[in-house]
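According to our numbering, numbering within the sequence shown proceeds without interruption in unit steps and concludes at 335.
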Amino acid sequence: MGPLGRGNGLAAIFMGYVVGVAALAFWLQSSPLEERRGFLREPGLALTGEGAEERLNAEAVLAAMALDPEATQFSDYADQYLSRLHLVGKDGALKRELNNTYDYRSLPDFGAITDIPARKKAFFDYLRPAVQYQNQLIRERRLILKGIEISLVNERPLTKAQRRYMALVRERYKVEEDASDREAVDTLMRRMDTIPVSMVLAQAAMESAWGQSRFAREANNLFGQWCFSVGCGVVPHSRPEGETYEVAKFDSVEAAIAAYFQNINAFHRYSSIREIRERARANNQPLRGYDMVAGLEAYSTRGQAYIDELRKMIRYNKLE
16 MGPLGRGNGL
26 AAIFMGYVVG
36 VAALAFWLQS
46 SPLEERRGFL
56 REPGLALTGE
66 GAEERLNAEA
76 VLAAMALDPE
86 ATQFSDYADQ
96 YLSRLHLVGK
106 DGALKRELNN
116 TYDYRSLPDF
126 GAITDIPARK
136 KAFFDYLRPA
146 VQYQNQLIRE
156 RRLILKGIEI
166 SLVNERPLTK
176 AQRRYMALVR
186 ERYKVEEDAS
196 DREAVDTLMR
206 RMDTIPVSMV
216 LAQAAMESAW
226 GQSRFAREAN
236 NLFGQWCFSV
246 GCGVVPHSRP
256 EGETYEVAKF
266 DSVEAAIAAY
276 FQNINAFHRY
286 SSIREIRERA
296 RANNQPLRGY
306 DMVAGLEAYS
316 TRGQAYIDEL
326 RKMIRYNKLE
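Structure follows, in structure tokens:
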């Protein structure tokens, strides 16, 4: 259990929690109003059981690190927390098991459902938990990033865990290498953010023909995402001569959704989506898929017609 020792580890963690919550409360009382609003604006994770305990521990660790980033017990416990959530993995993604009743290794046969309203409902019901899960992971990442921001604002040196986390998300979200930590945090808060469930569901339905397209069935590809190395996916029958792209193949539906989130949040062609989201955040407005799809003009060669169809799908299917 590291320098804390096995005998007094629980006591030290408990004391870390008590001190951390006190520090968090002090910060909330003493920080400028806008800074507090930015922190409190983060929606709760609505977790229960072990998940709720993890959130309390995370808040305590982050507040404690902001108070005293050199405190060994907090630094070590933060490392344990990050390791337990698998934040520092070879692919830089959280790998906790999605806790629901669906199998996301491959798509169900939605074509076997002959009743169209029932097919649509089954499609949305199947994907919604996996989309919500990705948003939950992002909220957890933002919680940790907020702790780093607090340390930087207070001119405290980052702990080993915080530096490791920053290196991870800088690479994942394509932050400029020469950006300072403060600049990187600002960029990450814009990019590492949630996506409205309605927008994800509408795009998945449109791009995959309600889960019945060839690429959805053969490659778990719900969003028409491409890849550019030989054998990375499925070659389209209609691919023009001389082109080398393939339609990406994913090991699971969950992996396809995670890749979609990464694409929307990090790829330069979708910066307008992130700008719409940033304005909504700045004005304390809810994130609405109907509004954010306006930034998808680069997603399809159909341009505005594509956006109009997505909005129609969101409205007609009452996705928000």
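The beta carbon of each residue, even a glycine, is placed where N, CA and C say it ideally should be.
{"Item": "Whole-number beta carbon distance between Tyr321 and Leu334, since they are thought to touch under 8 Å", "Value": "With 8 Å as the limit, Leu334 and Tyr321 do not qualify as a contact, their Cβ atoms being about 16 Å apart."}
{"Item": "Under 8 Å between C-beta atoms of Gln149 and Ile163", "Value": "no"}
{"Item": "Sequence-distant residues of its chain with Cβ nearer than 8 Å to Ala26 (five each side left out)", "Value": "Caution applies to Ala26, whose pLDDT of 44 falls short of 50 and renders its modelled position unreliable; the value that the coordinates give is listed next. Cβ within range, chain order: n/a, list empty."}
{"Item": "Delimiting residues of the alpha helix (DSSP H) encompassing Ala271", "Value": "268-281"}
{"Item": "Residue of Leu152, Asp266, Leu167 minimising C-alpha distance to Glu198", "Value": "Leu167"}
{"Item": "Under 8 Å between C-beta atoms of Met207 and Leu152", "Value": "no"}
{"Item": "Three-state secondary structure assigned by DSSP to Ala194", "Value": "coil"}
{"Item": "Sufficient close CB pairs (3 or more, under 8 Å) joining the region 117-128 to the region 242-257", "Value": "no"}
{"Item": "Proximity of Ile291 and Ala273 at Cβ, strictly below 8 Å", "Value": "no"}
{"Item": "Candidates Glu155, Thr209, Phe265, Leu203: closest to Phe336 by CA position", "Value": "Beyond the ends of the chain as shown, which are 16 and 335, falls residue 336; an answer cannot be given."}
{"Item": "From Lys189, Val200, Phe139, residue whose alpha carbon lies closest to that of Ile165", "Value": "Val200"}
{"Item": "Own chain, CB closer than 7 Å to Gln357, minus 5 neighbours either side, in chain order", "Value": "The question about residue 357 has no answer, for the chain in this structure spans 16 to 335."}
{"Item": "Of the residues His252, Ala270, Met307, Arg134, the one placed nearest Ser213, counting alpha carbons only", "Value": "Met307"}
{"Item": "Residue span of the alpha helix (DSSP H) that contains Ala263, given as start and end", "Value": "Segment 261-263 is the beta strand (DSSP E) holding Ala263; no alpha helix (DSSP H) there."}
{"Item": "C-alpha gap between Arg157 and Glu222, whole angstroms", "Value": "29 Å"}
{"Item": "Under the three-state DSSP convention, the category Val245 falls into", "Value": "coil"}
{"Item": "Cutoff 6 Å; reference Tyr305; Cβ partners in own chain excluding five residues on either side", "Value": "Arg326, Ile329"}
{"Item": "Contact set for Leu203: own chain, Cβ-Cβ below 7 Å, skip 5 residues either direction", "Value": "Leu160, Val184, Tyr188, Val190"}
{"Item": "Ala234 to Lys264 span [Cα, whole Å]", "Value": "4 Å"}
{"Item": "Assigned secondary structure, Tyr331 (DSSP; H/G/I helix, E/B strand, else coil)", "Value": "helix"}
{"Item": "Under the three-state DSSP convention, the category Ala313 falls into", "Value": "coil"}
{"Item": "C-alpha gap between Leu6 and Arg143, whole angstroms", "Value": "The chain is shown only over 16 to 335; residue 6 falls outside these bounds and no answer can be derived."}
{"Item": "Leu243 and Tyr260 closer than 8 Å at C-beta", "Value": "The identity of residue 243 in the sequence shown is Phe, whereas the question assumes Leu. Contact: yes."}
{"Item": "Element boundaries [alpha helix (DSSP H), containing Ile159]", "Value": "131-168"}
{"Item": "For Met207, three-class secondary structure by DSSP", "Value": "coil"}
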